[in-house]
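Reviewing the structure listed below.
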Amino acid sequence: MSDSNYNPESPPEKLVVIGKMDPKRHRFPCCIVWTPLPLLTWFLPFIGHMGIATTSGVIRDFAGPYFVSEDNMAFGWPTKYWVLDPYRAQGGPSSYDRSVSLASEEYQGRM
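Each residue of the sequence shown is one higher than the one before, starting from 1 at the first, in the UniProt record's numbering.
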């Protein structure tokens, strides 16, 4: 096999189906999402609140100390999004989801 990362003894990767973009349902798979902060964004338009979405489109929002919400952004639904390529994550889409989950757990333990 020509792939230098191939290891016949490693377990096969779990198949991950990447969801479809659906702004009406607030689903933005593999995206960084952004929403404005009331008043503050009016004066400083580059300031806002961000979250990151899993491959299924569930938004993880680092809303406050020790708190990560799912699909409930602290300052409203996203108004902008930036698409990420989950295949560029080492290990592919399943590793991307695992990394988002681990980052959420890590953040919940920090101030």
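A virtual CB, placed ideally from N, CA and C, is assigned to each residue, including glycine. Keep in mind that this is a model prediction, so the values were computed, not measured.
So, helix, strand or coil for residue i, using DSSP?
i: Phe28; result: coil
i: Ser69; result: strand
i: Phe62; result: strand
i: Trp82; result: strand
i: Trp34; result: strand
i: Ala89; result: coil
Can you give the beta carbon distance from residue i to residue j, rounded, assuming they're within the 8 Å contact cut?
i: Val100; j: Thr41; result: About 25 Å separates the two Cβ atoms, so there is no contact after all.
Classify residue i as buried or exposed, calling it buried when 16 or more other Cβ atoms lie within 10 Å of its own Cβ.
i: Asp22; result: exposed
i: Val33; result: buried
i: Ile52; result: buried
i: Tyr87; result: exposed
Going by C-alpha distance, which of the options is nearest residue i?
i: Phe75; options: Cys30, Cys31 and Gly48; result: Gly48
i: Pro36; options: Ala103, Ala89, Met73 and Val58; result: Met73
i: Lys20; options: Val83, Leu102, Ser104 and Glu105; result: Val83
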